[in-house]
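Visitor: Take this structure first; my questions come after.
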Amino acid sequence: MGRSSATPPSATMTGRAEPPKESYRDTVEAIVVAFILALVVRGFEAQAFVIPTGSMAPTLMGRHKEVACPQCGFVYAVNASGEVEASGYPNRDVEAGLCVNCRFLDRSLAEQPSFKGDRILVMMFPYDLPFLPGSGSPERWDVVVFRYPEDPDVSYIKRLVGLPGETLRIAHGDLYLRAPGQDRFVLARKPWKHQSSMQITVHDDRYRPRALADRPEWARWRSGSGWTASASERQYRSEGSTDWSELRYSHLVPDPEQWDAILEGREPRAPRPTLVTDFYSYNTNIPNPQDRLAPWMQADWVGDLTLQSHLDIKEVKAGGSIRWELIEGGVAHRCTVDLATGEATFTRGDEVLGQVATPIKGAGRHQVEFANVDNRLTLVVDGRPVGGEGFTYEDGEVEPVPTGADLTPAAIAVRHATIETADLVLKRDIYYTQEPGKHDFELAWNERTPSTPAELFDLLGDPSRFSKMTRPGRRDFEIGADRFFMMGDNSPCSSDSRRWGERDISWDESRSRRTYEVPRQYLTGKAFFIYWPHGVPVWPEIAWGRDFRFPFRPYLERMKWIR
């Protein structure tokens, strides 16, 4: 029998090598891989943007001045975009601003540097390729870059708050949603990661005005029986009485007449607590110090608050407990922790909303946040929410009415334990106004509008008159298919879906776009990181012109993910 031998597959009768059949498959695979890589590169393409205006403050800062208050030392920002972009008006240098923490008017801003807006990274096309990691369909609360419907050559950045098919309602500072086919509106609750990044300081006890140091009547935190205060260390100590011993916040804010009297050595009017409002230092840019009234007139009551505190538990006795309390509409919202077991109980009035285990157990130190925001109670311990997003409650669309209790809206109470607490910070939620450029109280006043800050403070401090400012009505927006609704975080000063017109809708041949809608095809990117807020001047701070200081360091504290 003969033997046969295999011919090498590359050999032919002519002796020339042929490409293997698999090479055609390799070519197809190479094309497919190249296409996929192109999609991935496109999906992860990032573009840098500079924020020009303050419509997204505090999340994103436009051109601004950063001010250390000469009285209390609190650092705040003041809008300075009008120095370069004034919408047809002459450019106006910022000469003064108001501190949100103590309301001191700083008239020395004219020579202080103005910083350009935040420099951010934007992921381009994440909504076109939702199957890629980090991409997806547009979601509520995304910070989105899109083409301005009235002028598609201009890019805007806002927060996406309304989705296709929904009806969005703005009422008493909150957003409500009605899903397609539903009759009922429900409150749009922000996830904690967004809520925590959007809050605005009301008062930071670590920063106290020098001029009020010897005036105990202006103390914001009032300690009852069982508490002692250390002014130098900004801390409070409770020795653990058998009954609840309470430390309570009173919203005592000097008006300009009181500040003038204090600084001139005259006796001011007696302090009176007022309601917490949507006051924001960023919006107090004053081009003329003589025209100082308008920045004070920020009068929309805000009841959604968050209390932050550092807690040092020294000793726990039988029955030892600690309680955080936030008042809204006269109703007490509480989180009470049993210090022996660590169990927290959340209540609204007499109603128990839920219970959850916490690490606040026995002696130890913790950083604690308790929030009553968007009809939800949330406890955060050492940076981590306990019990998930928190415990919700429903009140329909009942408009909360402030009471005298809302003048002193936050408290910490202790019994059967020795504790020290410090670094007390009260923050508020964003208040969504119905009209940009206006406050809701302007739409709802039932009597003569206050003409001076002192008159406004008298109103905000008189519970018998609160009902005069709590009927602002509501605005509804029906959102079409593949359309979205955008709003700025700096709601009173944001040109967004609430204001736009139809000067340029040539792209829409059907002319079906409502003035407030942003079509899906106009979404171009999702903002995800602040990579350069601005340089922070450091010693010896050599000035080169008004706006440049050398040397400077990176502003690491504000380099962060955008939530």
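Here the sequence shown stands for residues 185 to 747, where the numbers follow this note's numbering.
Where a beta carbon is used, it is the ideal one built from N, C-alpha and C, also for glycine.
These numbers were taken from a predicted model, which means no experiment stands behind them.
Taking a contact to mean a Cβ-Cβ separation below 8 Å, would you say Ala-261 touches Met-245 in this structure?
Guide: Yes, Cβ-Cβ distance for Ala-261 and Met-245 is below 8 Å.
Visitor: With DSSP as the reference, label Gly-546 as helix, strand or coil.
Guide: coil
Visitor: For the beta strand (DSSP E) holding Pro-569, just list the boundary residues, first then last.
Guide: 568-576
Visitor: Which residues does DSSP list as the beta-bridge partners of Pro-721?
Guide: In the DSSP output, where bridge partners are listed per residue, Pro-721 has Phe-736.
Visitor: Using the three-state DSSP reduction, which class does Glu-206 fall into: helix, strand or coil?
Guide: Confidence at Glu-206 is low in this model, with a pLDDT of 46, below 50, so the placement of that residue is unreliable and no value is reported for it.
Visitor: Out of Leu-740, Glu-725, Gln-705 and Phe-713, which one is the CA nearest neighbour of Phe-309?
Guide: Gln-705
Visitor: Which two residues bound the contiguous beta strand (DSSP E) that contains Leu-162?
Guide: There is simply no residue 162 to check, as the chain begins at 185 and stops at 747 in what is shown.
Visitor: Between Glu-425 and Gly-365, what straight-line distance do the alpha-carbon atoms span, to the nearest angstrom?
Guide: Looking at the sequence itself, residue 425 is Ser, so the reference to Glu does not match. Distance between the alpha carbons of Ser-425 and Gly-365 is about 56 Å.
Visitor: Determine which residues share a DSSP beta bridge with Cys-519 and list them.
Guide: Trp-508 and Phe-530
Visitor: DSSP three-state label for Ser-414, please.
Guide: If DSSP states are grouped into helix, strand and coil, Ser-414 belongs with the strands.
Visitor: Pro-455 and Glu-401: beta carbons closer than 8 Å?
Guide: yes
Visitor: Taking Arg-641 as part of the alpha helix (DSSP H), name the residues at either end of that continuous run.
Guide: According to the sequence displayed, residue 641 carries Phe and not Arg. First-last of the alpha helix (DSSP H) with Phe-641: 637-644.
Visitor: What do you reckon, is the C-beta of Thr-468 under 7 Å from a heavy atom of the ligand NAD?
Guide: Judged by which ligands are present, the structure shown has none, so any question about the ligand NAD falls away.
Visitor: According to DSSP, is Ile-746 helix, strand or coil?
Guide: coil
Visitor: Within 10 angstroms of its Cβ, does Thr-461 collect 16 or more other Cβ (buried), or is it exposed?
Guide: The residue in question, Thr-461, is buried, as its Cβ has 16 or more Cβ neighbours within 10 Å.
Visitor: Need the endpoints of the beta strand (DSSP E) that Leu-305 sits in, please.
Guide: 303-308
Visitor: Alpha carbon to alpha carbon, how far is Pro-735 from Cys-677?
Guide: 33 Å
Visitor: How about Val-259 and Arg-303: do their beta carbons lie closer than 8 Å?
Guide: no
Visitor: Assuming Tyr-420 and Ser-407 are in contact, meaning their beta carbons sit under 8 Å apart, how far apart are those beta carbons, in whole angstroms?
Guide: Contact flag correct, Cβ pair sits at about 6 Å.
Visitor: Considering only the alpha carbon of each residue, which of Ile-497, Asp-496 and Thr-490 lies closest to Trp-508?
Guide: Thr-490
Visitor: What beta strand (DSSP E) runs, 3 residues minimum, are completely inside the segment 323-388?
Guide: 327-332, 335-346, 351-355, 358-362 and 384-388
Visitor: Excluding sequence positions up to five away, which residues of its chain have a Cβ less than 8 Å from the Cβ of Val-345?
Guide: Arg-324, Trp-325, Leu-352, Leu-359, Ala-372, Phe-669, Met-670 and Met-671
Visitor: I'd like the ranges of any beta strand (DSSP E) spanning at least 3 consecutive residues and lying wholly in the segment 239-282.
Guide: 248-252 and 259-263
Visitor: Once you ignore the five residues that flank Gly-792 on each side, which residues in its own chain have a CB closer than 7 Å to its CB?
Guide: This structure gives no information on residue 792, because the portion of the chain shown stretches from 185 to 747.
Visitor: Counting only the same chain and skipping the five closest in sequence on each side, list residues whose C-beta sits under 6 Å from that of Phe-554.
Guide: Leu-491, Trp-508, Cys-519 and Leu-563
Visitor: Can you tell me whether Pro-438 is helix, strand or coil according to DSSP?
Guide: coil
Visitor: Taking its Cβ as the centre, do 16 or more other Cβ atoms sit within 10 Å of Trp-485, making it buried, or is it exposed?
Guide: buried
Visitor: Below 7 Å CB to CB, which residues in the same chain sit around Leu-305 once its five sequence neighbours on both sides are set aside?
Guide: Ala-230, Ala-232, Phe-712, Phe-713 and Tyr-715
Visitor: Counting pairs of beta carbons, one from the segment 273-287 and one from the segment 369-388, are three or more of them closer than 8 Å?
Guide: yes
Visitor: Taking the continuous beta strand (DSSP E) assigned at His-600, which residues delimit it?
Guide: Looking at the DSSP string, the run of the beta strand (DSSP E) that includes His-600 is 594-612.
Visitor: Please name the residue, chosen from Phe-299, Leu-537 and Arg-682, that lies closest to Glu-267 on a Cα-to-Cα basis.
Guide: Taking only the C-alpha atoms, the option nearest Glu-267 is Phe-299.
Visitor: State buried or exposed for Arg-226, treating a residue as buried only when at least 16 other CB atoms are found within 10 Å of its CB.
Guide: Reliability of the predicted coordinates at Arg-226 is poor, the pLDDT of 47 falling under 50, and the value obtained from them is presented with this limitation in mind. Looking at its Cβ environment, which holds fewer than 16 other Cβ atoms inside 10 Å, Arg-226 is exposed.
Visitor: Which of helix, strand or coil does DSSP assign to Glu-430?
Guide: strand
Visitor: Secondary structure at Ala-483, three-state DSSP: helix, strand or coil?
Guide: coil
Visitor: Suppose the cutoff is 8 Å on Cβ atoms and the five residues either side in sequence are ignored; what does the same chain contact list for Gly-378 look like?
Guide: It is worth fixing the name first, because residue 378 is His in this sequence and not Gly. Contacts found: Trp-325 and Arg-747.
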